[in-house]
Amino acid sequence: MPDAPAPPLPAVTLEGIELRVLHVPLIAPFTTSFGTEEVREVIVVRAQTSDGEGWGEIVTQAAPLYSSEYTHGAWDVALRWMIPALLDRRTLTPSDVAQVLEPFVGHRMVKAGLELAILDASLRAAGTPLGAHLGAVRDRVPSGVSVGIQRDAHALVDTVGGYLDEGYVRIKIKIKPGRDVADTAAVRDAYGAIPFQVDANSAYTLADADTLAELDRFDLLLIEQPLQEDDIVDHATLARRLRTPVCLDESIVSAKAAADALALGSTSVINIKAGRVGGYLEAVRIHDLCRDAGIPVWCGGMLETGIGRAANAALAALPGFTLPGDVSAASRFYTRDIVTEPAVLEDGHVRVPTGPGLGIDIDPIALDEVTVTRETLRRS
Ligand code: OSB
Ligand code: MG
């Protein structure tokens with residue numbers, strides 16, 4: 027059954043856009059195959075419009091290790107090119123944002139953060155919650171947790187046990203060569219038949235297929251992004267070798283990329299991250315095409331603050347999100363969030379905000395405390 031088209035949203039008239047770089051302390055370092063993050067560096071967007079403000083989040087990291095995007099590059103392209111183009115257009119609806127920014131190649135996380143701020147402003151003006159606009163069918167979403175590489179397998183088992191005690195309903199661990207089969211075995215042995223998956227963040231090549239096939243015996247829900255972003259053919263080859271379903275993250279940069287990967291057999295599950303695909307509206311298009319194709323999807327995360335976390339909860343409430351995502355409580359990463367009501371874990375779930383727009387309120391004192399740079403461009 028085709029989804030009912032979302033009602034059109036009002037255009038807003040842009041007066042200015044403020045960007046801030048935040049440095050938000052993490053409760054514990056987060057280690058993946060590509061490095062360790064000790065402080066979350068992220069960009070927050072505030073759109074000032076004649077109909078009120080809207081907030082967005084540009085989910086780049088400090089270094090271009092997960093993707094080619096990184097904070098300083100995002101900051102530059104936003105201020106030098108993208109925000110001036112939006113201010114020139116002056117009056118625009120949320121879906122106009124992608125169209126105005128389309129000539130600029132790449133920089134999808136920047137596009138997503140700018141679009142989200144306009145979307146929030148327009149939804150607030152209309153009195154519509156983001157979830158309702160995107161097509162959410164649930165008022166809460168099951169919450170999984172992404173666990174970084176730990177000192178050793180013992181520490182990993184301890185850390186995972188803490189999250190299970192908190193009630194997280196699905197565990198994902200990061201793996202890399204040398205920290206794969208034994209870590210996976212340790213968690214499976216310690217906790218039995220829990221919903222469990224692994225994420226390699228592109229750390230392997232096809233030459234590692236035998237090692238990756240050893241993971242088959244652990245009945246994982248999936249293995250996420252074993253090979254490089256552009257290894258779309260090699261992923262198809264690997265997928266035929268493994269019993270564990272392959273799920274692409276980094277490779278899925280658009281709805282077109284999703285359709286291509288599905289056509290090639292490179293992936294049988296998709297991790298949807300709005301930042302990686304250029305926005306929440308493109309994320310919904312990927313959801314829709316996967317749903318039509320019978321492909322399960324789940325909502326990934328980029329250690330979002332309360333801004334992006336609220337939006338992810340709304341997205342994850344769409345009907346095709348049939349696997350628990352990385353939409354954790356704010357306390358999984360942060361002692362202090364920048365919103366007044368940070369996401370909490372309730373019976374293994376995170377609630378979908380119900381207020382207009384993102385349904386969150388910024389805590390201005392908390393925000394100022396973690397702001398390291400700010401700049402506003404205004405309509406001339
Ligand atoms: O690969 O899913 C990933 C964080 C940063 C960059 C890439 C990834 C991640 C995570 C964390 O796994 C997910 C979360 O935000 O909880
Ligand atoms: Mg991933």
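Using my numbering, the first residue of the sequence shown is number 27, and each one after it goes up by one.
We put the CB at the ideal spot given by N, CA and C, even for glycine.
Buried versus exposed, by CB contacts within 10 Å (16 or more), residue i
i    : result
G327 : buried
I298 : buried
D165 : exposed
A100 : buried
E401 : exposed
A24  : Beyond the ends of the chain as shown, which are 27 and 406, falls residue 24; an answer cannot be given.
R106 : exposed
E240 : exposed
E395 : exposed
E128 : exposed
I53  : exposed
A147 : buried
S94  : exposed
K282 : exposed
R134 : buried
S76  : exposed
V47  : buried
P51  : exposed
G218 : exposed
Within 7 Å, strictly: CB atoms of residue i and residue j
i    : j    : result
E3   : A88  : Not covered by the structure: residue 3. The range shown for the chain is 27 to 406.
H261 : S292 : yes
L371 : A336 : no
A37  : T154 : no
G82  : A143 : yes
A287 : I258 : yes
L112 : V71  : no
R196 : G170 : yes
A226 : I201 : yes
G346 : A138 : no
A319 : A309 : no
H49  : V303 : no
D209 : L182 : yes
P368 : L149 : no
P221 : L246 : no
T119 : L190 : no
R404 : G42  : yes
Start-to-end residues for the alpha helix (DSSP H) that takes in residue i
i    : result
E240 : A235 to E240
G107 : It should be noted that the sequence gives Trp, not Gly, for residue 107. Run containing W107: none; DSSP gives neither H nor E here.
V126 : P120 to L127
G334 : G332 to A342
T185 : A179 to E192
Y217 : V207 to Y217
T263 : I258 to R267
S148 : R134 to A152
I388 : Note, I388: premise wrong, no alpha helix (DSSP H); not H, not E.
G381 : Note, G381: premise wrong, no alpha helix (DSSP H); not H, not E.
C-alpha gap between residue i and residue j, whole angstroms
i    : j    : result
H180 : R362 : 28 Å
R266 : T57  : 29 Å
Q223 : L274 : 13 Å
S406 : I109 : 12 Å
L238 : V295 : 17 Å
V126 : A104 : 13 Å
P390 : L40  : 22 Å
S59  : P203 : 8 Å
D242 : D352 : 22 Å
L264 : S280 : 22 Å
P33  : A124 : 18 Å
E192 : A212 : 20 Å
L315 : V323 : 10 Å
T97  : S277 : 20 Å
V186 : R358 : 12 Å
T231 : V136 : 29 Å
T366 : H159 : 23 Å
A233 : L253 : 10 Å
M27  : L156 : Confidence is the limiting factor: at M27 the pLDDT is only 45, short of 50, which leaves the residue's position unreliable and the question unanswerable from this model.
T86  : S172 : 18 Å
G161 : L344 : 6 Å
A340 : E250 : 23 Å
Residue range of the unbroken beta strand (DSSP E) whose run includes residue i
i    : result
H49  : V38 to T58
R196 : R196 to K200
S172 : G170 to V173
V65  : G61 to T75
H375 : H375 to R377
E401 : T397 to R404
V295 : V295 to I298
E225 : In the sequence as displayed, the identity of residue 225 is Asp instead of Glu. Start and end: F222 to D225.
V85  : Segment: none, V85 is in no beta strand (DSSP E) and carries neither H nor E.
V272 : V272 to L274
V323 : V323 to C325
Any non-hydrogen atom of the ligand MN within 6 Å of residue i CB
i    : result
N338 : Annotation note on the ligand MN: not contained in the displayed structure, which lists the ligand OSB and the ligand MG as its ligands.
Requested in this report: Check each residue's C-beta against every heavy atom of the ligand MG and list, in chain order, those closer than 5 Å.
Outcome: Every residue passing the under-5 Å Cβ criterion appears here: D225, E250 and D275.
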